[in-house]
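*Asks:*
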Amino acid sequence: MSSAARSRPVRTGGHRADGSPVPEPRTTRSRSGVRGADHGRSTDGSTTRSTDGSTTRSADRGTPRAAADSTSPLLPVPRWFPVAVLIGGPVLGVALGTALGGYHGPLFAVLTVASAALATASARPNGRWWVMLSAPPVAWLVAAAAELLLHDPPYRDTKAKAVGLVHATSHAFPVILVAAVAMGVVWTAAVVAAKPSRNRARSRPRTRPRRPAPGLVAGRALASFLGLAVVATTGFVWFENKQLTDGVHTTGSIKEVKQGDDGYVPPHLGNDVNLLLIGLDSRKDMDGNDLPTQFVEDALHAGSSGIGGYNTNVLILLHIPANGGRVTAYSIPRDDYVERPGGTADVPGLGSIKVPDLGVGKIKEAYGNARAYAESKIVASGLKDKAKIEAESREVGREATLRAVQKLTGVHVDHLAEVNLLGFYDVVKAIGTIQVCLKAPADDPIENGAGTGLKLPAGVSTIDAATALQFVRQRYHLLNGDLDRTHRQQAFLSSVTHTLRQKGVLGDLGAMQSLFDVVKKDIVIDDGWSVLDFAQQASNLTGGNATFYTLPIKSTAEVPDAPGSKTTTSVNLVDPALIKKTVTEAFGNDAAVAPPVTPSTTASGATPPPPNPSTSPAAPAAPKGTITVNNGTRTTGLASKVSGALFAEGIAVAKTGNGGNNVARTTVRYGAASADLAKKLQTLLGTKTAPVADKSLAADAVVVTIGYDYKLPPDKPVSTPSGSVSSGSTSTGATGATGSSGSSAPAESSGLSSGGALDMSSQDGIPCVY
């Protein structure tokens, strides 16, 4: 042996009794890849003998073979885990689905089970925590696929699908949160159940960790990134959706009209939506405080803060088919003389109270009468909070209105939206301006506290918020009074929708939120209303695919203001059976077939012809001359009728007035530059008197004075929705009633058609009315 070999240090594993060192045992690698001592315990747990002949026994004798294997479970999972996952997942998912409704219940059940299963898998042998980060992307993909594939009816275009994806993304966030909780519970339970002992952990042989493959590292990083990105994105969309309606006043009145109440109608089958729009003629805010007098008088032009009460001057019932068909809407004239049933109402602090039957009266007064009754009961109970008194008493008023509307029409109201005078004003102010179209000039001077002060020419006008409120409120100096005002309200809704669509607000969450931030203080919606859901359902409405009608009336009458009163009020007498049949058939009919999807090309590959243009006449351009039409007879409203007839021929009249009472022949006078226009008017009016030049008139002015020789053109037939019924009685309503046979109803008693059916798509979304 060389000296170098003798001087090499000897690795020892201890000393013998004589003090000499014991060489350290060499280590060997088993077939399983576990490094072990060749003098220690064998892999099967048997006793081994050391080089000095002594025997040693492992501290954890009896440990299974797998305990020393690298494939041993990091966290042993109890057998009850799969059972808990299979039972708890569906229960939690169905609970969430029930809260949100629709097909989300089964979807959430599947996602919850899948998420808990991932957590269980990650806690079992070879499990890895990062596996759980794949749950959020999976949840979103499943939610998005279900939204696009299972939605009833199917989405018809790319824009609708985009809204559907936003909808799915918003609803996926709470699922992801619940999945995260489920995974956390499973993981924590696994950790607690494992309880690894210190000795067992110490006895495990240490192995050198193997470096994962680059592809596996990249996969883990991608899963982590996608998981966090989906959580962040769905959370943001959910937050924005929530912010959209945060602060909007909500009502539970639809659910409070219960079975057994007179006026209760059971919900209909299917996904069609019946929406009731309520316009409240109130000069008070949501807390019952009067709006500032100066603002009401100068900005709203609505008289003083003390008038108006709580009349529902706008009642429009819309039917929105689920299949993308044409929306059908019926305006209910505010003075319709109908039954107004009572019912039970749940008032906090009072419990259930019985609202008495309000009897037969104007439908507009059901809200205010029931509200006043509830307010008296609440005040008598000792409540002093003015805002709470106002809120609770208004709830009772809404319930009374719902009962009256449902009893009259025979259909269930699914959603409700209420707006007051200030809301009308704020909507237009937020938009900027809207365009409206009149068939005849409007001149409504304020006299003795009545009137709105509106002054507009015939044709299209761009108006601001204050003028828009005058436009929808005018009822004096209109031949059909409230019936013509009803069409003004319909035209207002159409014009607002047209403007929102033009400005790209509809379908833009950010723009919609900005609009809602302005008007939310003036609007009340039912607590089951989802803005995104409605945006999907009402795409046909916001696209202008809607027709408005006005419920027909039989006649008008004077009735006592109250039982035993000597003063009277004018009401509209109606036929409830006819109205119920008309509305239920029109809404059940689903005009209701969805418009066919137009292919981009025909079978031959040629581009198909463009769709037929609207049959409604286009709004006339501004006339080259200023036309004034004066009534020279005793026939009330003749100047407006002539303006409407000229409007139908493409000529807009700037002003109407009185021209005496005994003019025999119609005359036309014109300024120096308007001879051609005067001759055209002579031809259209059918007068034999030649136009006369008048040097006192402006060069572009034409003045027409109507005499007794003028004959009005016959009114055009007015149609109702396909499937509705015709009235056998004379109608002074705005619709007339054309049945399926195509026969038209008699003209109105005034001789002026107040517009008939109003098509939102006519005149490019700006329908013309009187």
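With the first letter of the sequence shown counted as 1, position 393 gets the number 915 in my numbering; the numbers rise by one all the way through.
Don't be surprised by glycine CBs; every beta carbon is placed ideally from N, CA and C.
(1) With 16 other CB atoms within 10 Å as the buried threshold, where does R805 fall?
(2) Tell me the rounded alpha-carbon separation between I1075 and K951.
(3) Identify every residue that forms a DSSP beta bridge with V1291.
(4) According to DSSP, is N1094 helix, strand or coil?
(5) Closest by CA to T989, which one among S1162, L943, Y852 and E917?
(6) Return yes when the Cβ of T866 is within less than 8 Å of the Cβ of D1049, no when it is not.
(7) In terms of alpha-carbon separation, which member of A1194, G981 and G769 lies closest to C1290?
(8) Confirm, please, whether the CB-CB distance from F1014 to F1038 is below 8 Å.
(9) Using a beta-carbon distance below 8 Å, is L744 in contact with chain D?
(10) DSSP three-state call for I1075: helix, strand or coil?
(11) Please report the distance separating the alpha-carbon of F1070 from that of R995.
(12) When burial is assigned at 16 or more other CB atoms within 10 Å of the CB, is F747 buried or exposed?
(13) One question on the structure: do T1150 and K1177 come within less than 8 Å of each other, judged by their Cβ atoms?
(14) Could you tell me which residues DSSP puts in a beta bridge with E861?
(15) What's the C-alpha gap between S1077 and G883?
(16) Express the C-alpha separation of A1215 and A1186 in angstroms, rounding to a whole number.
(17) Based on the DSSP secondary-structure assignment, which residues constitute the bridge partners of I776?
(18) Under three-state DSSP, which class holds K1177?
(19) Which residues mark the beginning and the end of the alpha helix (DSSP H) in which H937 is found?
(20) What is the rounded straight-line gap between the Cα of A1221 and the Cα of A1197?
(21) How big is the Cα-Cα spacing for G1287 and E819?
(22) Check the DSSP bridge columns for Y852 and list the partner residues they point to.
(23) How would you write the range of the alpha helix (DSSP H) that R733 sits in, first residue to last?
(24) Buried or exposed: which applies to T1090, given that a residue is buried once 16 or more other Cβ atoms fall within 10 Å of its Cβ?
(25) Out of curiosity, what's the CA-to-CA distance linking I968 and A666?
(26) Whole angstroms is fine: what's the gap from I985's alpha carbon to V1093's?
(27) Rounded to the nearest angstrom, what separates V1027 and G801 at their Cα positions?
(28) Below 8 Å, can you find three or more Cβ-Cβ pairs linking the stretch 914 to 933 to the stretch 1097 to 1112?
(29) Note down the Cα distance separating A902 from G1110, rounded to an integer number of angstroms.
(30) Please report the distance separating the alpha-carbon of L1316 from that of D1097.
(31) Is the number of C-beta pairs between the stretch 755 to 765 and the stretch 836 to 849 that are closer than 8 Å three or more?
(32) Would you kindly work out how many angstroms separate the C-alpha atoms of L744 and L738, rounded to a whole number?
(33) Measuring CB to CB, does P863 end up less than 8 Å from A964?
(34) Is the beta carbon of Y998 sitting closer than 8 Å to the one on A972?
(35) Quick one, are the C-beta atoms of L1219 and L1168 less than 8 Å apart?
(36) For G1179, which option in K780, K1217 and T1227 has the closest C-alpha, if you only look at C-alpha atoms?
*Replies:* In this structure, then:
(1) R805 counts as buried, since at least 16 other C-beta atoms from the protein chains shown sit within 10 angstroms of its C-beta.
(2) Each residue's Cα considered, the two are about 35 Å apart.
(3) Partner(s): L960.
(4) When secondary structure is reduced to three states using DSSP, N1094 falls in the strand class.
(5) Considering only alpha carbons, the answer is L943.
(6) Result no, Cβ atoms of D1049 and T866 do not sit closer than 8 Å.
(7) Ranking the options by Cα distance to C1290, first place goes to G981.
(8) Contact check for F1038 against F1014 fails: the beta carbons are separated by 8 Å or more.
(9) Note that chain D does not occur in the displayed structure, where there is just one protein chain.
(10) DSSP places I1075 in coil when its eight states are reduced to three.
(11) Distance between the alpha carbons of F1070 and R995 is about 18 Å.
(12) Answer is exposed; the Cβ neighbour count stays below 16.
(13) Cβ atoms of T1150 and K1177: closer than 8 Å.
(14) V882, per the DSSP bridge assignment.
(15) Distance between the alpha carbons of S1077 and G883: 15 Å.
(16) Straight-line measurement puts the Cα of A1215 at about 20 Å from the Cα of A1186.
(17) Paired residue(s): none; I776 is not in a bridge.
(18) Correct three-state label for K1177: strand.
(19) Not the alpha helix (DSSP H): H937 falls in the beta strand (DSSP E), residues H937 to N942.
(20) For A1221 and A1197, the distance between alpha carbons rounds to 10 Å.
(21) Straight through space, the alpha carbons of E819 and G1287 are spaced by roughly 31 Å.
(22) L839 and Y1071, per the DSSP bridge assignment.
(23) DSSP places R733 outside any alpha helix (DSSP H), giving it a letter other than H or E.
(24) By the Cβ neighbour-count rule, T1090 is exposed, with fewer than 16 other Cβ atoms within 10 Å of its own.
(25) Whole-angstrom Cα-Cα distance: 57 Å.
(26) Looking at the two C-alpha atoms, the distance is approximately 32 Å.
(27) Roughly 22 Å between the two C-alpha positions.
(28) Contact holds: three or more Cβ-Cβ distances are below 8 Å.
(29) Taking the CA atoms as reference points, A902 sits about 45 Å from G1110.
(30) Residue 1316 lies beyond the residue range present for the chain, which begins at 523 and ends at 1292; the question has no answer from this structure.
(31) Put simply, the stretch 755 to 765 does not touch the stretch 836 to 849. Fewer than three CB pairs are less than 8 Å apart.
(32) So the two alpha carbons sit approximately 10 Å from each other.
(33) Contact: no.
(34) Yes; because the gap between Cβ atoms is below 8 Å, this pair is in contact.
(35) Annotated as distal: L1219 and L1168, with beta-carbon spacing of 8 Å or more.
(36) The option with the nearest alpha carbon to G1179 is T1227.
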